[in-house]
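A.B. asks:
There are 2 protein chains.
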Amino acid sequence: MTQTQSLIERIREAGGKVTTQRTAICTVLEQSDDHPHAEDVFQRAKLLDSTVSLSCVYRNLKYLVDQGLIDALDLGDSKHRYEVRRTTPHDHLIDLSTGDVVEFRDAELDALKRKVASRYGYRLKDHRLALFCYPKSATT
Amino acid sequence: MTQTQSLIERIREAGGKVTTQRTAICTVLEQSDDHPHAEDVFQRAKLLDSTVSLSCVYRNLKYLVDQGLIDALDLGDSKHRYEVRRTTPHDHLIDLSTGDVVEFRDAELDALKRKVASRYGYRLKDHRLALFCYPKSATT
DNA sequence: TTTCTAATTGCGAAACCTTCGCAATTAGCC
DNA sequence: GGCTAATTGCGAAGGTTTCGCAATTAGAAA
Chain H
1 MTQTQSLIER IREAGGKVTT QRTAICTVLE QSDDHPHAED VFQRAKLLDS TVSLSCVYRN
61 LKYLVDQGLI DALDLGDSKH RYEVRRTTPH DHLIDLSTGD VVEFRDAELD ALKRKVASRY
121 GYRLKDHRLA LFCYPKSATT
Chain C
1001 MTQTQSLIER IREAGGKVTT QRTAICTVLE QSDDHPHAED VFQRAKLLDS TVSLSCVYRN
1061 LKYLVDQGLI DALDLGDSKH RYEVRRTTPH DHLIDLSTGD VVEFRDAELD ALKRKVASRY
1121 GYRLKDHRLA LFCYPKSATT
């Protein structure tokens, strides 16, 4: 029961097969903190294992999402972006002047989301919050 | 300066042309409160004007978004969904057991979003919040 | 080690949503 | 009515994602 198990370790425990392609893809995801989309993952994984194909990347991303090991994000553009799921959920702030993505977490905000859901008779299962912002200093 | 101007009235004021197709599309949007996607709008608009084409729908949706008259939403699936923009912004709660979309607004939540953005040195320009929920009574 | 089987892969094709190019039409203005 | 630029329909093309199928391979069993 390691504190931080790697994706591959968790796949193995779950009975998934550990292929070289899957290993490369997981390594890429663990080493990327920039919310890469499928094509990004593909390009980076090819450097680790030249046999990785694009459809293999898509299949593994889907597999990992289904396993609950990574999350698919919708950050405004038409492509899905991915990140390894961490124990602490968080939201995203998109810098409209640079495209940078800032991760944040706010307990008060989390509580309020649940409270609002409850007010309407619901129990919060999941959520997506993206804040699109400009730097304070910017004029636009 | 009518309280509630129709989309077509606002298009005319802005100098846009009022075609039968555009009128049908705007009528559909104004009569739909279920956040239709492009194909939905197309099917409904065809009933009002059989000459409406799918590309015309896409072009007009884009046009209306650019004009700030409607909003494009990302509610989890891969398609854009649309709604007439109202004076009061709001967020969305998705009922995972039925797929229903509940609109809500919470001033405290709005203020907190701005506060969080500010904490990171940003000014909130826009945001997307979707709460995925189950009814309180549901077991899952 | 060898064998077996189901999971996984590569490839290309296809599906899906959306945009585009271009010639034809049309709304709004003179 | 006639002019002009905006708008349209059509089909093609674009971009992202999925799928079908035969070939490969990881992991288990012998």
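Keeping their order, the protein sequence lines are chains H and C.
Under my numbering, read the first sequence as residues 1 to 140, first letter to last.
Under my numbering, read the second sequence as residues 1001 to 1140, first letter to last.
Beta carbons are placed, not taken as given, at the ideal position from N, Cα and C, and that holds for glycine.
1. Considering only their Cβ atoms, is the gap separating residue 85/H from residue 71/H smaller than 8 Å?
2. Determine the contact status of residue 1064/C and residue 113/H, defining contact as a CB-CB distance below 8 Å.
3. Below 8 Å between beta carbons: does that hold for residue 48/H and residue 27/H?
4. 8 Å is my cut-off, CB to CB: does residue 1123/C come that close to chain H?
5. How long is the line joining the alpha carbons of residue 1052/C and residue 1061/C, rounded to whole angstroms?
6. Consider the Cβ of residue 1126/C: report whether some Cβ of chain H lies at a distance smaller than 8 Å.
7. Check distances from the C-beta atoms of the stretch 48–60 of chain H to those of chain C and list, in chain order, the residues that come in under 7 Å.
8. Whose C-beta lies closer than 7 Å to the C-beta of residue 1012/C among residues of the same chain, with five residues either side of it excluded?
9. Using 8 Å as the threshold, is the stretch 116–123 of chain H in touch with the stretch 1076–1095 of chain C, meaning 3 or more CB pairs across them?
10. Would you report the Cα separation of residue 141/H and residue 127/H, rounded to the nearest angstrom?
11. Could you check how far apart the C-beta atoms of residue 1109/C and residue 116/H are, in whole angstroms? I think they sit under 8 Å.
12. Write down every uninterrupted run of the alpha helix (DSSP H) in the stretch 1013–1057 of chain C whose length is 4 residues or greater and which is fully enclosed by it, in chain order.
13. Please state whether DSSP places residue 1126/C in a helix, a strand or coil.
14. Taking just the CA atoms, how far does residue 138/H sit from residue 14/H?
15. Output, in chain order, the set of chain H residues within a Cβ distance shorter than 7 Å of residue 1117/C.
16. Answer yes or no: do residue 82/H and residue 7/H have a C-beta to C-beta separation smaller than 8 Å?
17. List, in order along the chain, the chain C residues whose C-beta lies closer than 9 Å to that of residue 17/H?
18. In the structure shown, what three-state DSSP assignment does residue 66/H receive?
19. With a 10 Å radius around its C-beta and 16 neighbouring C-beta atoms as the bar for buried, classify residue 1005/C as buried or exposed.
C.D. replies: So, to answer that:
1. yes
2. no
3. yes
4. It does; some Cβ of chain H falls within 8 Å.
5. For residue 1052/C and residue 1061/C, the distance between alpha carbons rounds to 13 Å.
6. So yes, residue 1126/C belongs to the interface.
7. none
8. 1018
9. yes
10. A question about residue 141/H goes unanswered here, because the residues of chain H that appear run from 1 up to 140.
11. 6 Å
12. 1020–1031 and 1038–1048
13. Per DSSP, reduced to three states, the secondary structure at residue 1126/C is strand.
14. 48 Å
15. Listed along chain H, the residues sitting closer than 7 Å to residue 1117/C by beta-carbon distance are 93, 131 and 133.
16. no
17. Those do not exist, as residue 17/H stays about 28 Å from chain C at its closest Cβ, beyond 9 Å.
18. helix
19. Result: exposed.
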